[in-house]
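405 is the number that my numbering gives to position 201 of the sequence shown; each next residue is one higher, with no gaps.
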Amino acid sequence: MVEITVAICTYKRPEIKQTLVSIAEQKLPDDIQLRVVVADNDVEATARENIVKIANDLGLILTYVHAPSRNISIARNACLANCKTKWLAFIDDDETVSNKWLYELYKTALNENAEVVLGPVKSIYPNNTAKWIVQCDLHSTKPVFVNGVIETGYTCNTLLNLESDHFKNETFDLALGKSGGEDTDYFSRVFKKGAKLKYAENALVFEPVTNGRASLNWLAKRRFRMGQTYAPTKFTPTSGRLFVVKLMCKSLAKVMFCSLMSLLFCLHASRRYSWFLRGCFHFGVMTKLTGVKNIELY
């Protein structure tokens, strides 16, 4: 019997009910047993009773953990600490999963001999969302390939083989728990230790985009913070000052190029904002290299 734990970090989101419903509807072979860990990041464990009841009604094997407060890394580490199985899958508390989601992740892990498997997250936009936001679809998530290799990951749709030595003594950085990017940092460290990251394109997850996030302001802040998180992943213990200077110059050149392209496409909204947001990312890299603290998004 293979056991797989699904981990969900939550903070005052009623949408977790639909997340749990979609987990309960997974189509799995008879030799796979599913477990669920929910880490509640609220100050008080006010959601305990409701979450336990939902899980019981759905027939889910649940471990509820109170992991206060308001620092997502605390909740993610609580999931790691309370996972008693070899396999651990992370999703967010406002997502729903396709009914073959978990099996697709697991199948890819076996076929590719991978320590980490990432799946796509498709965003569902409100009807009143600006057309350019839907066209750019920057809220959806897929892994980034660098020369055919995935060098980091995310926790909104991923499966981990925790028995791999690459995860030994690795936890999510508490310093990034309010800014975000703790998952990028975590998987970057695991990758540098030799973990193999693969992609399961059929392991679909769906995430609704709130009106507050369907805006240029939110996207710009997020891309800027992503750049701040990305910068340290390029360092190694042997990286010297010259390396940092080169990376700074490279980032500055990219910011200038993105600004120019934004001007060239000033009459084409989706291309204009796409280039602008790419520039925000590289500007975030620059600021991190100068020692600026990560902005807090949560």
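Idealized CB from N, CA, C, for every residue including glycine. This one's a predicted model, so the numbers in the text were calculated from it and none came from an experiment.
Test item: CB-CB of residue i and residue j under 8 Å
i: PRO324; j: ASN361; result: yes
i: ALA318; j: LYS402; result: yes
i: LEU284; j: THR223; result: no
i: GLU299; j: PHE391; result: no
i: THR209; j: VAL247; result: no
i: ILE265; j: ILE212; result: no
i: LEU501; j: SER383; result: yes
i: TYR329; j: THR388; result: no
i: GLU308; j: ALA407; result: yes
i: TYR310; j: LEU262; result: no
i: GLY357; j: LEU380; result: no
i: GLY483; j: SER455; result: no
i: VAL178; j: PHE487; result: One cannot answer for residue 178 here, as it falls past the ends of the chain, which runs 205 to 502.
i: SER344; j: LYS326; result: yes
i: ALA271; j: ASP244; result: yes
i: ILE258; j: LYS221; result: yes
i: ARG239; j: GLU207; result: yes
Nearest-angstrom beta carbon gap, residue j and residue i [assumed within contact, 8 Å]
i: ASP297; j: ARG217; result: 5 Å
i: ARG429; j: ILE499; result: 5 Å
i: LYS397; j: PRO436; result: In fact, because the Cβ distance is near 16 Å, the residues do not count as touching under 8 Å.
i: TRP305; j: SER474; result: Incorrect: roughly 30 Å between the Cβ atoms, too far for contact.
i: ALA404; j: THR267; result: Not a contact, Cβ separation roughly 25 Å.
i: GLN230; j: ASN315; result: With 8 Å as the limit, GLN230 and ASN315 do not qualify as a contact, their Cβ atoms being about 19 Å apart.
i: THR214; j: ALA249; result: Actually they do not touch by this definition, with Cβ atoms about 11 Å apart.
i: CYS287; j: SER478; result: Incorrect: roughly 38 Å between the Cβ atoms, too far for contact.
i: SER226; j: VAL301; result: 5 Å
i: GLY431; j: PHE485; result: 4 Å
i: HIS370; j: ALA399; result: 4 Å
Strand pairing of residue i, partner residues [DSSP]
i: CYS213; result: ALA243 and ASP296
i: HIS270; result: ASP244
i: ASN365; result: TRP291
i: LYS402; result: VAL321
i: THR345; result: VAL325
i: GLN237; result: GLU207
i: ILE354; result: PHE349
i: ILE265; result: ARG239
Neighbour-count burial assignment, residue i, 16 or more Cβ in a 10 Å radius
i: SER273; result: exposed
i: ILE276; result: buried
i: GLU386; result: buried
i: THR494; result: exposed
i: MET490; result: buried
i: ALA279; result: buried
i: ASN260; result: exposed
i: LEU423; result: buried
i: PHE395; result: buried
i: ARG427; result: buried
i: PRO347; result: buried
i: VAL496; result: exposed
i: ASN281; result: buried
i: VAL353; result: exposed
i: VAL413; result: buried
i: VAL320; result: buried
Beta strand (DSSP E) segments (min. 3 residues) lying fully within the region 298-342:
320-322 and 325-328
Secondary structure, beta strand (DSSP E): runs of 3+ residues fully inside the region 389-435
401-403 and 409-412
Inside the region 430-499 only - alpha helix (DSSP H) runs reaching at least 4 residues
DSSP runs (the alpha helix (DSSP H)) wholly in the region 430-499: 445-468 and 473-493.
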